[in-house]
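Residue numbers (full-length UniProt numbering): 31 to 357.
Think of the CB as a built atom: it goes at the ideal place given N, C-alpha and C, for glycine as much as any other residue.
Computed from a prediction, not measured in an experiment: that's the story for all the values here.
Right, one structure below, let's go through it.
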Amino acid sequence: KMSTTKSPPKVFVTRYVPPGGVEVLSRHCQVDQWDSQDPIPRDELLKRVQGIEGLYCLLTERIDKEVLDAAGPQLKVVSTMSVGYDHVDVAECRSRNIRVGFTPDVLTNATAELTISLLLATSRRLYEGIKAVREGRWGTWNPVWMCGQGLDGATVGIVGLGRIGFAVAERLRPFGVGKFLYTDSEAKTYASEVGAERADFDTLCRQSDFILGCCALTDENKGLFNKDAYSKMKKTAILINTSRGGLVNQEDLYVALSTNQILAAGLDVTVPEPLPLNSPLMRLDNCIVLPHIGSATEKSRAAMSELTGQNIVAALQGEKMPREVPY
Ligand code: DGY
């Protein structure tokens with residue numbers, strides 16, 4: 031007698047991830063996984079995606095035509111365990127009726143916190159201070175030593191006043207920030223809630239004491255922070271980037287930091303990642319580089335994993351995905 035039950039759809043998970051996502055998938059799907067803490071090599075990825083209906087990926091995989099071709103026409107959904115999806119060719123997915131999921135909201139607070147950590151660490155020179163203490167360069171209390179820039183009365187320019195930029199502004203307000211500036215045309219609701227003023231990018235660069243990159247990376251804003259932008263900034267300006275490394279021209283940043291055109295930078299994201307040890311930025315005391323840990327709280331990573339699993343299950347069942355990349 032022929033069985034009428036369809037075998038469960040195949041899903042491939044590209045890394046060892048917090049287990050919640052795989053648990054969600056396992057209830058409905060046949061799960062295959064690259065069960066390692068290191069990224070899957072490209073050739074392995076191209077092999078392992080063959081015949082799958084769902085792909086659970088991370089920002090370390092470029093999901094392009096080649097991967098989609100390798101998977102085959104039965105692929106229905108790609109969901110990335112990240113809010114950023116610049117590594118996914120969304121247009122190509124659309125043209126093949128492949129739905130794309132991502133993980134906004136569940137990492138907003140964690141990423142806002144990290145943005146502020148980096149801002150405070152840079153502005154109050156925590157890295158230099160810790161280094162001085164450990165290297166025996168802490169002399170007597172000195173009224174002119176290790177002075178930094180405070181937030182009190184400062185102008186903070188937020189490039190990307192979206193979910194994360196807004197959460198950063200809300201949290202910075204109690205520090206006594208004088209003014210928030212933003213550039214987006216679509217951020218009016220967020221802006222009015224934190225009393226931010228719209229400015230063009232030039233004005234934001236010229237007037238801000240702190241400039242925060244909180245936007246998604248697009249073709250239009252690649253290298254936005256370049257020589258030209260740094261030349262407009264105050265000598266005391268501090269640049270923080272917790273979005274994508276591609277936003278910052280790192281060669282130009284090195285020049286700006288090493289010639290005191292701007293005061294300091296804090297980067298949670300770079301190109302490439304990891305940033306090679308021989309990067310000139312590594313030699314600067316006024317540049318703090320963190321290893322892309324914006325969303326790295328236990329709670330937020332667990333939620334990101336579960337949401338990725340739920341996105342895939344919903345798409346495979348033909349239902350509304352909890353978080354689908356907007357059309
Ligand atoms: C994202 O979600 O896009 C971050 O870069 C990693 O959490």
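Residue closest to Leu89, alpha-carbon to alpha-carbon, out of Gly208, Met334, Met351, Lys161: When each option's Cα is compared against that of Leu89, the closest is Met334.
Can you name, in chain order, every residue of its own chain whose Cβ lies under 7 Å from the Cβ of Cys87, other than the five neighbours on each side? So the list reads Thr44, Ile93, Val108, Thr110, once near-sequence residues are dropped.
With a Cβ-Cβ cutoff of 9 Å, do Leu287 and Leu320 count as a contact? In this structure, Leu320 does not lie closer than 9 Å to Leu287 by Cβ.
May I have the straight-line CA-CA distance separating Ala332 from Ser238, to the nearest angstrom? Rounded to whole angstroms, the separation of the alpha carbons of Ser238 and Ala332 is 36 Å.
Would DSSP call Arg201 helix, strand or coil? Note: Arg201 maps to helix in three-state DSSP.
For Val52, is the beta carbon positioned less than 8 Å from some heavy atom of ligand 2? With respect to small molecules bound, the structure shown includes ligand 1 and not ligand 2.
Residue nearest to Gly51 in terms of C-alpha spacing, selected from Gly192, Asp65, Glu336: Comparing Cα positions, the closest option is Glu336.
I'd like to know if the stretch 150-170 and the stretch 114-126 are in contact, where contact means that at least 3 CB-CB pairs between them fall below 8 Å. No, because fewer than three Cβ pairs between the stretch 150-170 and the stretch 114-126 fall closer than 8 Å, the two stretches do not touch.
Bounding residues of the beta strand (DSSP E) (the contiguous stretch that carries Arg129): Membership of Arg129 in the beta strand (DSSP E) is indicated by the continuous run 129-131.
Check whether the Cβ of Leu137 sits closer than 8 Å to any heavy atom of ligand 1, and report yes or no. Taken from the Cβ of Leu137, at least one heavy atom of ligand 1 lies inside 8 Å.
Where Ala294 and Leu307 are concerned, what is the direct C-alpha to C-alpha distance, given to the nearest angstrom? When rounded, the distance between both Cα atoms is 19 Å.
Please report the residue range of the beta strand (DSSP E) in which Glu227 lies. Run containing Glu227: 226-228, per the beta strand (DSSP E) assignment.
Spell out the partners DSSP gives Ala295 in its beta bridges. Looking at the DSSP output, Ala295 shares a beta bridge with Leu269, Cys317.
Would you decide whether Asn290 is buried or exposed? Buried here means 16 or more other CB atoms lie within 10 Å of its CB. Classified as exposed, Asn290 has fewer than 16 neighbouring CB atoms from the shown chains inside 10 Å of its CB.
Quick check on Ile82: does DSSP put it in helix, strand or coil? Per DSSP, reduced to three states, the secondary structure at Ile82 is coil, with no helix or strand assignment.
Beta-carbon contacts of Leu224 that lie in its chain and below 7 Å, excluding the five residues immediately before and after: The sequence shown places Val at residue 224, rather than the Leu named in the question. Here the set comprises Phe196, Ala199, Glu200, Arg203, Phe210.
Beta carbon of Thr145: closer than 8 Å to some heavy atom of ligand 1? With a cutoff of 8 Å, Thr145 does not count as near ligand 1, since its C-beta is closer than that to no heavy atom of the ligand.
Helix, strand or coil at Glu354 according to DSSP, with G and I counted as helix: Note: Glu354 maps to strand in three-state DSSP.
Cβ neighbour criterion (16 or more within 10 Å) applied to Glu216: Exposure of Glu216 is indicated by the presence of fewer than 16 other C-beta atoms within 10 angstroms of its C-beta.
State yes or no: is the C-beta of Val47 within less than 9 Å of the C-beta of Ile82? No, they are not a contact pair.
Near ligand 1: Ile133 beta-carbon under 8 Å from a heavy atom: Residue 133 is actually Thr in this sequence, not Ile. Here the distance from the Cβ of Thr133 to the nearest heavy atom of ligand 1 is below 8 Å.
Burial state of Trp64, where buried means 16 or more other Cβ atoms lie within 10 Å: Under a 10 Å Cβ-count criterion, Trp64 is classified as buried, with 16 or more other Cβ atoms of the shown protein chains found around its own Cβ.
Secondary structure at Ser288, three-state DSSP: helix, strand or coil? Per DSSP, reduced to three states, the secondary structure at Ser288 is helical.
Pull every residue with its beta-carbon under 5 Å away from any heavy atom of ligand 1, and keep them in chain order. Any heavy atom of ligand 1 counts here; residues with a Cβ closer than 5 Å to one of them, in chain order, are Ser112, Val113, Gly114, Ser325.
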